[in-house]
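>
Numbering (our numbering), first residue to last: 1143 to 2185.
Rendered as structure tokens:
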């Protein structure tokens, strides 16, 4: 340590103890002379002033050993290097005294602690005050931007408190939508100053809230746009805004959008962007508790549970706040929030084609990213797709860097078999230096001496695996502790024999451990600290697609009404399937040549009459999957179904079996609920053998030519990547499914190589099929595709995908063509949409939901006041919903009153209508509600069940008790409130006596009377309100009934 710091041991010990004291702490700068401006500031303004940070507070981000200084970010946004002698730890005062609870972290080191702090605060006291770092320049820019905004508004009276809190009078609001045009053009831009910077900080804060939302009892999925909130310039402006918002009719869609916002909002964030002063008062859910008064201070954000408490915001002067809300996931009966003011790009997002429903639980298994290393110096998916589009050939002559193939080669098959040699000299090989043998052991934390003992395929799997996860939005930090299933299609090959025979290097005591497949299976989990299931699988040529099927099995969502899997088989949310294949000596090739399985011509002539065998190839691939709630718009495709089976006893161990292949295809399509005629593109196993290709094409014809009497009309386009890169064996299935995703992203089938004359054994007569030799547009922007893979040992695998166009002329993304295969897509969608589009709900779910917003229809009056000729009436269960009873207008209070007697059940329902017109009802925004603070809607068409409930049983009231119902229609705000309370007032009793008494009749409908109504009678000797009937149970001793 002394050598490290250049100090004597005692001083070093003191330094080591002192340094950690301020790491990640809040600090105050003192006795600090002005600092020179930063190079960035000088570049913008050569005459920039010095930075005076003395007396400022902030947080330390790190320590620079060379300078012996801390990097400090002040709450004013200054980033400076300060010596420890000029720093002291800062403890903020309590919120009641103008302080804050926690500061937003300036580095990832404090992110976990920060999220824990806000979760604790929101759980314990339901609110949290967060100190942000906002530059003075951003505040000035925000003030300037506000002067240029002119689209201020007020909400309709019924929903004004939902957004603006209590006492919204005298204030104005405006939705602020960030301009993402630069992002759409795919250029790198920094966050704009001012309101954009504040909006981005709210996004970062919302992500933190979403991360901890499960601990708060909900699942946060997105945030709203920012809403600017400030005082009106003058009373004239307020009157104009009120006139625009009131006295209009609105459609059902507007009501649905506001109600969805009201129900899904969970946490409100209020950011005081410009100006201090004023107060924010939080009203706790417990009315007996005192209100919480918070001083509004510039640069602070107040988070609070808006679903549990209301608020009153009283700004001072020209103070401006930016608000945003964190929403929970959409539930059955709710509609998407498609109002452009609420969520950016909402209309464009709504126009994106919907994916199919998977089962009955609304979840889906989405393909989020993939990575690959393939012949032809292909290092990434973009290169693979480019090569496929131009029909590239990745096969090469076997290089000397692997082995001297001339020693093992003879061109004549008969002679080569007798000599124990190969008759082919080509393979689809990876480049030794760039693809197969190079490895960044320092990144993975593997010692240099251990690297040589690890199979090169296992090393490539680590690099390709991390590349795949990084493209899916993961980093080393976020992978730590994540539960993810990983299935790797890999086998011990030539390298194992060479390592354990000491052919190239001495056998080490750890050689067997490092090369074992059991270690290969868990090495990625070990390196990145992940948890979850992991294994290797080998089924020969179908290994990697079988890995996809097993990954799907571990991630497959449980279906409603389906028996759960056994212990230890919980559903995983994340998964990755991998495949790897490599060759390091010629001896297995010699054996395949002896069996005449390899092509003499050194290529896979798939579908061509010259097909005489397959060509061996190498490659590594990985594909990352996520189980999504709803539709993740960043997904590349959706895995709809998969299946694995075995040929059993067929013609021979290695001969393909058509009926088994057909069953595998049918079962996958059955799970995916895809009619076979909807499959547009098909990636075949297609090895180029004279026997295998016709059998596979015949199996597809048997399953996809006709379905339920309908005959295919749209040609089925068939392709095979083996014509480009050869047969990558254990990696072949993933090569095929990656190709399918790429074809779906562009809605274009890429060409097959080496087709000159169709194999005469392929039956294509009267079969609408196209073996394409050039790129073929699909004529649609969405569709289905499938991939099959068959192991020579009889193990078959199948996967079916849904896709939509993500690039090219049929692109469905609202952002325009972009980097659809890179990690930019993940981050761009997170920024632009701020949401995972809610899933489509099944009809059965909507039938069982209590409150379906789709029930709202037609138009609704907003703030409309009754005229002199208008009268209000009450309908309810108190008279069997027979006759509307007129309400009495009280001129002194400007309210309408009604006296309602309780019936024998002491529970009554009611609504209000105008002029006895049932299309002009006044009703609550919830079904069967007893909440007197519920939003009051109408006049308009009331959805079934939207009634108020008066329950006298809670207070122990008797039948006949009079309830005083009041409708207050405020003439100034035009807001309606409905309330009720028991009354013994003589006037109310006299009003109730004017109504004719109504006796309710109750009936039982049961299986013992074939569901014919049977009237019930008052029970003798029981308290009033008790009814009974007598029935006889049938011979089955089981009956059902309802009242």
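We put the beta carbon where it would ideally sit given N, CA and C, even for glycine.
State buried or exposed for residue 1325, treating a residue as buried only when at least 16 other CB atoms are found within 10 Å of its CB.
Note on residue 1325: pLDDT 39, under 50, position unreliable in the model; no value is reported.
> Please specify which runs of the beta strand (DSSP E), each continuous and at least 3 residues long, are wholly inside the region 1226-1256, giving them in chain order.
Correct list: 1229-1231.
> Whole alpha helix (DSSP H) runs in the region 1809-1867 with 4 or more residues, listed along the chain?
Runs found: 1834-1846, 1864-1867.
> Would DSSP call residue 1726 helix, strand or coil?
The answer is coil: DSSP assigns residue 1726 none of H, G, I, E or B.
> Hey, quick one: how far does the beta strand (DSSP E) through residue 1286 stretch, first residue to last?
Run containing residue 1286: none in the beta strand (DSSP E); it sits in the alpha helix (DSSP H), 1278-1290.
> Pair every Cβ in the region 1336-1345 with every Cβ in the region 1464-1478, then say whether three or more of these pairs are closer than 8 Å.
They touch, by the three-pair rule.
> Go through its chain and collect everything with a Cβ distance to residue 1837's Cβ below 6 Å, but skip five positions before and after it.
These residues qualify, in order along the chain: 1798, 1800.
> Does DSSP put residue 1375 in a helix, a strand or coil?
Coil at residue 1375, not helix or strand.
> For the 8 Å Cβ check, are there 3 or more pairs between the region 1679-1694 and the region 1629-1639?
Yes: at least three Cβ pairs fall under 8 Å.
> Quick check: residue 1443 and residue 1372, are their CB atoms within less than 8 Å of each other?
Not a contact, by the Cβ cut-off of 8 Å.
> Residue 1723 to residue 1793, Cα distance in whole Å?
Each residue's alpha carbon lies about 28 Å from the other.
> Which parts of the region 1992-2079 are runs of the beta strand (DSSP E), unbroken and 3 residues or longer, counting only runs that do not cross its ends?
Here the runs fully enclosed are 2001-2004, 2014-2018, 2030-2032, 2037-2043, 2049-2056, 2059-2066.
> Quick one: Cα of residue 1718 to Cα of residue 1559, how far?
Rounded to the nearest angstrom, the two C-alpha atoms are 41 Å apart.
> Is it true that the region 2080-2095 meets the region 2048-2060, where meeting means three or more beta-carbon pairs spaced less than 8 Å apart?
These segments touch.
> Quick one: is residue 1184 buried, meaning 16 or more other Cβ sit within 10 Å of its Cβ, or exposed?
Classification of residue 1184: exposed, given that the 10 Å Cβ count is below 16.
> Output yes or no for whether 8 Å exceeds the beta carbon distance between residue 1695 and residue 1767.
Contact: no.
> To which residues does DSSP link residue 2124 through a beta bridge?
For residue 2124, which the question treats as bridged, DSSP gives the partners 2105.
> Assuming residue 1416 and residue 1528 make a contact with CB atoms under 8 Å, what is their CB distance in whole Å?
With 8 Å as the limit, residue 1416 and residue 1528 do not qualify as a contact, their Cβ atoms being about 50 Å apart.
> Which parts of the region 1332-1404 are runs of the beta strand (DSSP E), unbroken and 3 residues or longer, counting only runs that do not cross its ends?
DSSP runs (the beta strand (DSSP E)) wholly in the region 1332-1404: 1362-1365, 1368-1373, 1390-1393.
> Tell me where the alpha helix (DSSP H) around residue 1436 begins and ends.
No alpha helix (DSSP H) contains residue 1436, which is instead part of the beta strand (DSSP E) from 1434-1437.
> Please state whether DSSP places residue 1766 in a helix, a strand or coil.
The answer is strand: DSSP assigns residue 1766 an E or B state.
> Might you give, ordered along the chain, the residues of its own chain that have their beta carbon closer than 6 Å to the beta carbon of residue 1778, omitting 5 neighbours on each side?
Correct list, in chain order: 1509, 1883.
> Which residue comes first and which comes last in the alpha helix (DSSP H) that contains residue 1660?
Residue 1660 -> alpha helix (DSSP H) spans 1659-1670.
> Let me check understanding here. Comparing Cα to Cα, which of 1337, 1308, 1316 lies closest to residue 1283?
Checked all of 1337, 1308, 1316; the closest Cα to residue 1283 is 1337.
> Is DSSP giving residue 1563 helix, strand or coil here?
Residue state, collapsed to three classes: coil.
> Check whether the region 1379-1389 touches the region 1422-1430, counting contact only when three or more Cβ pairs, one atom from each stretch, lie closer than 8 Å.
Short answer: they don't touch.
> Is the number of C-beta pairs between the region 1396-1405 and the region 1268-1276 that are closer than 8 Å three or more?
Judged by Cβ distances under 8 Å, the region 1396-1405 makes no contact with the region 1268-1276, as fewer than three pairs qualify.
> From 1776, 1950, 1809, 1790, pick the residue whose C-alpha is nearest to that of residue 1784; which is it?
Ranking 1776, 1950, 1809, 1790 by Cα distance to residue 1784 puts 1809 first.
> Along the chain, where does the alpha helix (DSSP H) that runs through residue 2168 open and close?
It is not in any alpha helix (DSSP H) - residue 2168 carries neither H nor E in the DSSP assignment.
> By DSSP, does residue 1537 sit in helix, in strand, or in coil?
Of the three classes helix, strand and coil, the one that applies to residue 1537 here is coil, per DSSP.
> Does the separation of the CB atoms of residue 1757 and residue 1568 fall below 8 Å?
Against a cut-off of 8 Å, the Cβ pair of residue 1568 and residue 1757 comes out as a contact.
> Let me confirm a value: residue 1300 is counted as buried when at least 16 other C-beta atoms fall within 10 Å, else exposed. Which label applies?
With 16 or more Cβ atoms within 10 Å of its Cβ, residue 1300 is classed as buried.
> With 16 as the cutoff for other CB atoms within 10 Å, does residue 1668 come out buried or exposed?
Residue 1668 is exposed by the Cβ-count criterion.
> Tell me where the alpha helix (DSSP H) around residue 1303 begins and ends.
Here the alpha helix (DSSP H) through residue 1303 covers 1302-1306.
> Pull up the DSSP beta-bridge partners for residue 2184, would you.
Its beta-bridge partners are 2147.
> Decide if residue 1311 is buried, meaning its Cβ has at least 16 other Cβ atoms within 10 Å, or exposed.
Exposed, since its Cβ has fewer than 16 Cβ neighbours within 10 Å.
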